[in-house]
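Chains as they are written, first to last, in the numbering used here: chain Z, 1 to 247; chain A, 1 to 362. Heads up, the beta-carbon is just placed ideally off N, CA and C, and yes, glycines get one too. Beneath this line is the structure, given in structure tokens, with notes to follow.
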Amino acid sequence: MNGLTAPRPLRPLLRAEGATMRFGGVTAVDAVDFTLDEVELRCLIGPNGAGKSTFFKMLTGQLTPSAGRIRFRDADITGAHPHEIARLGVGIKTQVPNVFNGLSVRENVFIAGGRRKSLARTKRFVDETLERLRLTAIAGRMVGQLAHGQRQWVEIATVLAQEPELILLDEPAAGMTHEEVHRTAELIREINRTHAVIVVEHDMPFIRMIAKTVTVFNQGRILMQDEVGRVLADQRVRDVYLGKQAA
Amino acid sequence: MIPTTARSGTIAGPAGFLAVVACGLALLFGAPHVTESFGLVQMTGFAALAMFALSQGFVWGYGGIMSFGQAAFLGLGGYAYAVSVINLGDSTLPVLIAIAVPMLFAAALGYFMFFGRISDAYVGVITLTVSVILFQLFNTTSGSQYRIGQAELGGFNGIPAIPVINRIGEPGEQLDIEGLWAVAMSALILVYVLLRAILASRLGRVIVAIRENETRAQLIGYDPRLYKLLAFTISAGIAGLAGCLYANWGGFISPTVFGLSMSAQVIIYVLVGGLGTLIGPMLGAVLIQSLIIAAGTQSMVDSNLGLGLVLVGFVLLVPEGLVPVARRLVVGAAERFTARKRATPGAEPAAANPALAEGGGR
Numbered sequence: 001m002n003g004l005t006a007p008r009p010l011r012p013l014l015r016a017e018g019a020t021m022r023f024g025g026v027t028a029v030d031a032v033d034f035t036l037d038e039v040e041l042r043c044l045i046g047p048n049g050a051g052k053s054t055f056f057k058m059l060t061g062q063l064t065p066s067a068g069r070i071r072f073r074d075a076d077i078t079g080a081h082p083h084e085i086a087r088l089g090v091g092i093k094t095q096v097p098n099v100f101n102g103l104s105v106r107e108n109v110f111i112a113g114g115r116r117k118s119l120a121r122t123k124r125f126v127d128e129t130l131e132r133l134r135l136t137a138i139a140g141r142m143v144g145q146l147a148h149g150q151r152q153w154v155e156i157a158t159v160l161a162q163e164p165e166l167i168l169l170d171e172p173a174a175g176m177t178h179e180e181v182h183r184t185a186e187l188i189r190e191i192n193r194t195h196a197v198i199v200v201e202h203d204m205p206f207i208r209m210i211a212k213t214v215t216v217f218n219q220g221r222i223l224m225q226d227e228v229g230r231v232l233a234d235q236r237v238r239d240v241y242l243g244k245q246a247a
Numbered sequence: 001m002i003p004t005t006a007r008s009g010t011i012a013g014p015a016g017f018l019a020v021v022a023c024g025l026a027l028l029f030g031a032p033h034v035t036e037s038f039g040l041v042q043m044t045g046f047a048a049l050a051m052f053a054l055s056q057g058f059v060w061g062y063g064g065i066m067s068f069g070q071a072a073f074l075g076l077g078g079y080a081y082a083v084s085v086i087n088l089g090d091s092t093l094p095v096l097i098a099i100a101v102p103m104l105f106a107a108a109l110g111y112f113m114f115f116g117r118i119s120d121a122y123v124g125v126i127t128l129t130v131s132v133i134l135f136q137l138f139n140t141t142s143g144s145q146y147r148i149g150q151a152e153l154g155g156f157n158g159i160p161a162i163p164v165i166n167r168i169g170e171p172g173e174q175l176d177i178e179g180l181w182a183v184a185m186s187a188l189i190l191v192y193v194l195l196r197a198i199l200a201s202r203l204g205r206v207i208v209a210i211r212e213n214e215t216r217a218q219l220i221g222y223d224p225r226l227y228k229l230l231a232f233t234i235s236a237g238i239a240g241l242a243g244c245l246y247a248n249w250g251g252f253i254s255p256t257v258f259g260l261s262m263s264a265q266v267i268i269y270v271l272v273g274g275l276g277t278l279i280g281p282m283l284g285a286v287l288i289q290s291l292i293i294a295a296g297t298q299s300m301v302d303s304n305l306g307l308g309l310v311l312v313g314f315v316l317l318v319p320e321g322l323v324p325v326a327r328r329l330v331v332g333a334a335e336r337f338t339a340r341k342r343a344t345p346g347a348e349p350a351a352a353n354p355a356l357a358e359g360g361g362r
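This is the structure in structure tokens:
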């Protein structure tokens, strides 16, 4: 736990240098330099197609960068397989829920939490995780039959059960009710006490609830990066993003 | 109405497992008392094919791998047994060889398919093609120059007079009809128990999870290529053992075991019995083989045409297969029964589980 007085760590948790992703003639992510410290909470915002989800896919190994390097602590993870990056301690809730639809809620969490653990420990740990996310009541239900918001929670539970160091959340509040959004914000703040978190979100009230530092993506580049109040007040950000949404 | 929950899977769990094992044991010990040798021989063949169906049901239904050339492993197992038992005399080692050879072959083939990132559809095409290549290859082995040790492969005619399994360590003591039945049926029960154990283990859970969502499995740290390779290799070993029993049952083996109809038949067993179950493929095998035998005794309809009609009928009318439908009927009846029982003493069956009621409304 680094207090405010603690010196800034010398080595960042995550560092992308010139990360570029080209699809044919389209450059979705264009030479992005990005740094995240240990136990930091960062929000990524930007209009549709700005390259946020593509950037996440590069961080998790689902896409191999066309150029540039990505480092997680001491490890160069550029072009590594998704399962290798996951084992280093990166967990992601994807934009479209990626869950095991044909399995129960408990089985979903069990599979995520069961790697490298004894059976008894896994069971205890799965129960704790279900309790923490208030999924205990629906633990026996098939995930494919749940509502969208509940499936989001199941996916967040699987990500937490994996015990990652860095958690990427791609639109965690999408499709949730007002009350669920509040709970999600609360949960993210709680997770952030011990974990680094990057959140991609479009919901501005939600961003205001959780954000400290915000990075704005536009057309594959970082437009600006600053404290949340200054970012949301910035005219350029309003032009590319907030202005459009308000219109 | 209470929605179907994942609990229906667990109801079929321990109780269904014990019921299947009990039925298997009853058949194993009971069949010799009620049927003549002819019936016992026929049932031995069914047991071999049911095991073959289990291998397909596992790799396809649980692993989600479209292995459409499962006959390749059946044939390799059969030939491996035949060749090694002719050379070695004692059958103990050849049975193990019949399991090992297809597994090694599948491990090599699977390595290139899964680690080479071949897409699902092409895995189907490649496995099918490999079985056809083996069929052609073994067809061209006629003549005395094609021999492995003392065993002539015999081309299209295959290998006749394969020695039957003997008592362990006593090559002279070959099993009689009843003995072979006992071995085949015990082996089938053991393979079923083994597969249930695998599916209950972490390995099995991950295999099923990868079938459900490969991306998610990767993102939580499992390497899908490795688990698919394991599932593929395990199923090849089971098909190999089935091939060994098949060769024992017929006393001979020919390249037709590699044929397209063999691969197609096993797919039909699984579809008719129920994809995603283990008991289904076994029942499907027995049912379809019985139909084929019955169709062979009449000359009104071509038996292949009949089989095709049965398949089309099932795909249109009972696409899930027999066992899932039967299971749902049983579970539904049980739930209605317990719901009625609960409704009489207490008045809060719906409120007892608000999550269910809530989910049902959405």
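Contact note: Arg115/Z reaches chain A through Ile220, Gly221 and Tyr222, using a C-beta cutoff of 8 Å and chain order. Listed along the chain, the chain Z residues whose CB falls inside 7 Å of the CB of Glu212/A are Phe100, Asn101, Gly102 and Leu103. The three-state secondary structure of Val216/Z, taken from DSSP, is strand.
By the criterion of a C-beta distance shorter than 7 Å, Gly51/Z is surrounded in its chain by Ala28, Val29, Phe217 and Gly220, once the five residues flanking it on both sides are discounted. DSSP places Arg71/Z in no alpha helix (DSSP H) but in the uninterrupted beta strand (DSSP E) bounded by Ala67 to Phe72. At a C-beta separation below 7 Å, Pro82/Z has these neighbours in chain A: Gln218 and Leu219.
Gln162/Z has a beta carbon lying within less than 8 Å of a beta carbon in chain A. Excluding five sequence positions before and after Gln95/Z, the CB atoms of its chain that fall closer than 6 Å to its own CB belong to Ser53, Asp170 and Glu171, given in chain order.
Between Met113/A and Gly240/A, the CB-CB gap reaches or exceeds 8 Å. Note on Met300/A: under 16 other CB atoms within 10 angstroms of its CB, so exposed under the neighbour-count rule. Minimum Cα-Cα distance from Gly250/A among the listed residues Leu49/A, Gly172/A and Ile126/A corresponds to Leu49/A. Here the alpha carbon of Ala147/Z sits roughly 12 Å from the alpha carbon of Asn101/Z.
8 Å or more divides the Cβ of Val199/Z from the Cβ of Ile191/Z. The CB of Arg87/Z comes closer than 8 Å to the CB of Gly221 in chain A, given here in chain order. Within chain Z, the C-beta atoms nearer than 7 Å to that of Arg202/A come from Gly114, in chain order.
Beta-bridge partners of Arg22/Z (DSSP): Thr27/Z.
Nearest Cα to Leu59/Z within the set Val90/Z, Leu41/Z, Val39/Z and Pro47/Z: Val90/Z.
Here Asp223/A is buried. Its C-beta has 16 or more other C-beta atoms within 10 Å. If you draw a straight line from the Cα of Gly172/A to the Cα of Asn166/A, it comes to about 7 Å.
For the 8 Å CB-CB criterion, Leu168/Z and Trp153/Z do not form a contact. Put simply, the backbone Cα of Leu203/A is about 16 Å away from that of His83/Z. With contacts defined by Cβ atoms closer than 8 Å, Phe258/A and Ala72/A form a contacting pair. Sequence-distant Cβ neighbours of Gly69/A in its own chain, meaning closer than 6 Å and more than five residues away, are Thr127, Leu128, Val130, Ser131 and Ser263.
If you check the CB distance, Met51/A and Ile238/A come in under 8 Å.
According to the DSSP assignment, Asp234/Z belongs to no beta strand (DSSP E), since it is labelled neither H nor E. Annotation for Glu155/Z: the continuous alpha helix (DSSP H) segment containing it runs His148 to Ala161. Proximity of chain A to Thr60/Z at the Cβ level (cut-off 7 Å) is accounted for by Leu219, in chain order. The beta carbon of Cys244/A sits closer than 8 Å to those of Gly77, Gly78, Ala80, Tyr81, Pro94, Val95, Ala98 and Ile99, all from its chain and outside the five residues before and after it, given in chain order. In the DSSP assignment, Glu170/A falls outside any beta strand (DSSP E), carrying neither H nor E. Along the segment 39-120 of chain Z, the beta strand (DSSP E) occurs as fully enclosed runs of 3 or more residues at 41-45, 67-72 and 90-93, listed in sequence order.
Distance from the CA atom of Ile220/A to the CA atom of Leu88/Z, rounded to whole angstroms, is 10 Å.
Contact check for Ala231/A against Gly63/A passes: the beta carbons are separated by less than 8 Å. Glu17/Z and Val325/A have their C-alpha atoms spaced approximately 55 Å apart. Linking Ser55/A to Val272/A through their CA atoms gives a straight-line distance of about 15 Å. For the segment 315-339 of chain A, the set of positions with a beta-carbon nearer than 7 Å to some beta-carbon of chain Z is empty.
Secondary structure note for Asp37/Z: it is in no beta strand (DSSP E), with a DSSP letter that is neither H nor E.
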